[in-house]
Each structure stands twice: as C-alpha cells, then as structure tokens.
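Numbering (the working numbering), first residue to last: 187 to 427. For each residue, glycine too, the CB sits at the ideal point set by N, CA and C. Since the structure comes first, as structure tokens, the remarks are kept for the end.
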Amino acid sequence: MQTKSADPAGKASVSKAKARKQELRARTLREQQAKAVVDAAKEAPNLLDQFPSFCSFKKHGYNLGIKYHKASQLSPVHLSWAYHLCEQNMHTMYEDVWGWKAPEKQKELKHPDARYLIVYDEQGHQLLHDAEEHSVAYVHFRFEVEDGVPVLYVYEVQIVPGMQRRGLGAFLMTLLKLVAKKNQLEAVMLTVMNANTAAMKMYTKLGYKLDPTSPSQADPVSHMEDPTGYEIMSLSLGSKQ
Numbered sequence: 187m188q189t190k191s192a193d194p195a196g197k198a199s200v201s202k203a204k205a206r207k208q209e210l211r212a213r214t215l216r217e218q219q220a221k222a223v224v225d226a227a228k229e230a231p232n233l234l235d236q237f238p239s240f241c242s243f244k245k246h247g248y249n250l251g252i253k254y255h256k257a258s259q260l261s262p263v264h265l266s267w268a269y270h271l272c273e274q275n276m277h278t279m280y281e282d283v284w285g286w287k288a289p290e291k292q293k294e295l296k297h298p299d300a301r302y303l304i305v306y307d308e309q310g311h312q313l314l315h316d317a318e319e320h321s322v323a324y325v326h327f328r329f330e331v332e333d334g335v336p337v338l339y340v341y342e343v344q345i346v347p348g349m350q351r352r353g354l355g356a357f358l359m360t361l362l363k364l365v366a367k368k369n370q371l372e373a374v375m376l377t378v379m380n381a382n383t384a385a386m387k388m389y390t391k392l393g394y395k396l397d398p399t400s401p402s403q404a405d406p407v408s409h410m411e412d413p414t415g416y417e418i419m420s421l422s423l424g425s426k427q
C-alpha cells in the first residue's frame, strides 16, 4: 500500500500562520497591559505625593514651588499664560519646522489627557510677576502607549527667560523620570527641535538617546535628503536607570 507523502510546503504555511496568530495575541496582550498602566497613571490624584523633596526648587536665591495639575484643573488664566510662554520661547523654531498654528497649540494644551507641572515663585520676585501665582515654568506631559509600550511623553518644557539655564529644566526632567518609574511606565519620550541645541544637550546629559522612531534613525537616507528639523529622544527606565 502506498502511503501519502508529507507536504513540507503545506506544513511550513501552517506553522507560519500559527506564528502570526501567536504574535498577534502577544502584541494585543502587551497593548492591553500597557493601556492599563497608562490608565492607572492618568487617574492618580497627585503624582507628587511620593516626592515631597521635589515639590520645591531652591537655587540662586529663588524659592520655587511645584504643583501638579490636570488640564481640566487649570484656570483660563494659566492656560493662556502657558500658551503665550510657549509662543514666546518657541514660535521661531516651530515656524521653521511645522509652522506656528495657534488653534492647534491651544487645543493641545487643553486636551483632557494633558498633565502639568506648574512652577511658581513663592517669594514673588519682581522679575517674575507676569502670570497667575507668579508662575515661572511648566511642563506639559501625557501618559501614552507608544508602539505597545507605556510611556510618559513630554510635550513642552517652558521656562520664562529670567529662569532659564539655572538647572530648573534638568530638575523637572528628573522629577518626571521618578514619576514615570513610580507609575510603572517603561520610558520617558520627547520631541526636540534640532535648532534647540541647549535642550538637546541637556537631554543627552540626562541619558536620553535618539529613539528608533526618530526620523534620523527610522529612515536615515530620507532624513539626510530632506531633514525634518526635529528628533525623538527617549530614556529607557530599565533596572540600570
């Protein structure tokens, strides 16, 4: 009796189909787990409760306080101040890369997922009296899922000119790293303009590297031919960080 020979090509096809299904299930599970982590972070009432030593910044004779807010908790005055400070600091750089789009920026700042660290001058220095509560800086960030990974994404770090280059930016970025780790996020990510060399230098010093999704890394050839004007940087929060 003649036996039916095995079909190697058919078996290979079945194996590939199973592998794809397993990969899809694994990816779906990772995304669900990442979303759960992000949702939990979004619901945290006050992210700074665990870091009392980071609720103030005292250098160069200034006594600065730091508060956490959801976008929905900010007053119209504060949202307007945040918008105008960003415009003051970044208008030219934005114009060179994406163009300055006021309605989009205002909508971005008010987004329900937007979270803020607001830095204010507790001593009321005359130099820094241009906003509610003498606000001098803010960080706009969000908890998001990027490629199946839960991350803290930094949208803006804006500091009034009189307080720049005094260590406040690095201090705030260190606080965000602690917040991200405490909430089980796997990385801190941000977008930085190539023209913003001071910021890029600071992020590099803090351990940030060009992310694989950054234009210069994802498509080096196209980036060299037509530079985007910005990079995406990330800080992995592994056990060594």
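| query | result |
| --- | --- |
| Output yes or no for whether 7 Å exceeds the beta carbon distance between Y389 and M410. | no |
| For the alpha helix (DSSP H) that S266 lies in, which residues bound it at each end? | P262 to V283 |
| Runs of 4 residues minimum, wholly inside the region 361–398: which ones carry the alpha helix (DSSP H) assignment? | 383–391 |
| When DSSP labels each residue in this structure, what does H246 get in the three-state scheme? | coil |
| Starting from the C-beta of Q370, find all residues in its chain whose C-beta is less than 6 Å away, skip the five residues before and the five after it, and write them out in chain order. | V223 |
| Taking buried to mean at least 16 other C-beta atoms within 10 Å of its own C-beta, is L215 buried or exposed? | exposed |
| Rounded to a whole number of angstroms, what is the C-alpha to C-alpha distance between M379 and G415? | 6 Å |
| Can at least three beta-carbon pairs, one atom from the region 334–342 and one from the region 201–208, be found at a separation below 8 Å? | no |
| Report, in whole angstroms, the separation of the C-beta atoms of F243 and F357, which I expect to be a contact under 8 Å. | 6 Å |
| Count Cβ pairs between the region 339–346 and the region 318–328 that sit closer than 8 Å; are there 3 or more? | yes |
| Return the chain-ordered list of same chain residues with a C-beta closer than 7 Å to the C-beta of G353, the five sequence neighbours on each side being excluded. | K245 |
| Just mark D405 as buried or exposed, buried being the case when its beta carbon has 16 or more other beta carbons within 10 Å. | exposed |
| Going by DSSP, what residue range makes up the alpha helix (DSSP H) through A288? | A288 to L295 |
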